Amino acid sequence: MFKIATWNVNSLKVRLPRVLEWIDKNKPAVLALQETKTQDKDFPLSAILETGYQVSYAGQKTFNGVAILSRHSIEEVSVGLPGFADEQQRVLAATVDGVRIIDFYVPNGQSPDSDKYQYKLKWLEHAVAYVRQQLALYPKLVVLGDFNIAPEDRDVHDPIKWEGSVLVSGPERAAFQGLLGLGLKDAFRLFDQPPAVFSWWDYRAGAFHRNFGLRIDHILISEALVSSCRSCTIDRDTRKGTQPSDHAVVIAGFNDLIA
DNA sequence: ATGGCGGCTCGCAGCCGA
Numbered sequence: 000m001f002k003i004a005t006w007n008v009n010s011l012k013v014r015l016p017r018v019l020e021w022i023d024k025n026k027p028a029v030l031a032l033q034e035t036k037t038q039d040k041d042f043p044l045s046a047i048l049e050t051g052y053q054v055s056y057a058g059q060k061t062f063n064g065v066a067i068l069s070r071h072s073i074e075e076v077s078v079g080l081p082g083f084a085d086e087q088q089r090v091l092a093a094t095v096d097g098v099r100i101i102d103f104y105v106p107n108g109q110s111p112d113s114d115k116y117q118y119k120l121k122w123l124e125h126a127v128a129y130v131r132q133q134l135a136l137y138p139k140l141v142v143l144g145d146f147n148i149a150p151e152d153r154d155v156h157d158p159i160k161w162e163g164s165v166l167v168s169g170p171e172r173a174a175f176q177g178l179l180g181l182g183l184k185d186a187f188r189l190f191d192q193p194p195a196v197f198s199w200w201d202y203r204a205g206a207f208h209r210n211f212g213l214r215i216d217h218i219l220i221s222e223a224l225v226s227s228c229r230s231c232t233i234d235r236d237t238r239k240g241t242q243p244s245d246h247a248v249v250i251a252g253f254n255d256l257i258a
């Protein structure tokens with residue numbers, strides 16, 4: 000069994016000790032990070048290389064930023080969405096042992112009446128086109144990250160309260176279905192899951208302890224990978240303890256995929 | 001209860017996140 004995982008770390012500067020601790024304990028084959036909030040010149044490269052992992056990253060000041068850590072060599076690195084000029088660093092793709100990995104930090108969207116929401120929908124249009132193109136080139140494809148979309152009401156702690164708001168609105172969910180329509184599967188839904196499993200909880204008002212969360216971090220896999228996928232879980236422990244990110248780690252377990 | 005927390009910034013309050 001080996002693991003492919005995704006984690007919105009909400010600042011790699013702050014979360015580096017927790018990331019190092021987590022990879023030492025879990026030894027994932029691949030870990031995709033979002034919201035590193037770290038310029039490339041400040042990326043903690045040596046600390047990560049010392050773990051034996053290789054890493055590619057695309058960051059910027061203050062916001063956004065993505066990285067891919069891998070125990071195996073990282074090849075064919077690509078930054079951004081083709082045909083969508085964007086200063087915001089939200090997309091990083093790489094090939095690991097013939098498996099194409101696309102790390103997405105989908106825009107938040109703020110609220111449906113905001114310019115940021117329009118940016119999110121436009122971004123998602125180009126993301127779907129990109130995944131379609133990549134899938135044609137790489138049958139073994141994993142698209143993972145912070146999608147900032149709760150695909151269904153069962154991914155929302157209180158669907159009535161959240162109805163129509165950002166992260167759950169119809170157009171956002173339609174875009175998510177557009178990704179699945181390319182032939183990708185939500186790895187989490189390949190398996191029986193208990194109710195009310197989420198990947199993000201607000202820092203405020205004790206949301207985590209009341210399990211007021213959303214499932215917005217996802218691992219999508221192509222048909223060629225479905226038969227080797229053995230599990231998909233969310234590590235709630237990563238939301239506990241000292242200085243946690245507001246997102247937990249999502250992990251897909253595979254066999255017969257990467258050596 | 002639109003706050004609440006936490007991270008960011010040439011900060012000392014305001015932004016953004018989700």
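Residue numbers (numbering that gives the first Met the number 0): 0 to 258.
Ideal Cβ placement from N, Cα and C applies to all residues, glycine included.
Quantities reported herein were computed from a predicted structural model and do not represent experimental measurements.
Option in the options with minimal Cα separation from residue i
i           : options               : result
residue 103 : 89, 93 and 111        : 89
residue 116 : 77, 76, 172 and 78    : 172
residue 49  : 35, 19, 25 and 55     : 19
residue 86  : 74, 38, 71 and 6      : 38
residue 209 : 35, 199 and 216       : 199
residue 237 : 158, 15 and 204       : 15
residue 261 : 194, 202, 201 and 190 : For the chain, the structure presents residues 0 to 258; residue 261 sits outside this window and is missing.
residue 76  : 62, 54 and 83         : 54
residue 142 : 93, 9 and 40          : 93
residue 98  : 220, 233 and 231      : 220
Residues near residue i in its chain [Cβ-Cβ closer than 8 Å; skip 5 each side]
i           : result
residue 235 : 247
Which residues DSSP lists as bridging residue i, in chain order
i           : result
residue 99  : 94 and 140
residue 216 : 145
residue 5   : 31 and 249
residue 232 : 250
residue 155 : 213
residue 199 : 213 and 246
residue 160 : Beta-bridge pairing links residue 160 to no other residue.
Within 7 Å, strictly: CB atoms of residue i and residue j
i           : j           : result
residue 27  : residue 2   : yes
residue 165 : residue 110 : yes
residue 33  : residue 145 : yes
residue 108 : residue 121 : no
Own chain, CB closer than 6 Å to residue i, minus 5 neighbours either side, in chain order
i           : result
residue 282 : The shown model of the chain, from 0 to 258, leaves out residue 282, and the question about it has no answer.
Beta-carbon contacts of residue i that lie in its chain and below 7 Å, excluding the five residues immediately before and after
i          : result
residue 30 : 4, 6, 22 and 68
Original post:
What are the uninterrupted segments assigned as beta strand (DSSP E) that are 3 or more residues long and contained completely in the segment 65-92, given in chain order?
Top reply: 65-69 and 74-78
Original post:
Taking the runs of the alpha helix (DSSP H) that are 4 residues or longer, which of them lie wholly in the segment 11-59?
Top reply: The segment 11-59 is shown to contain whole alpha helix (DSSP H) runs of 4 or more residues at 11-25 and 44-48, in chain order.
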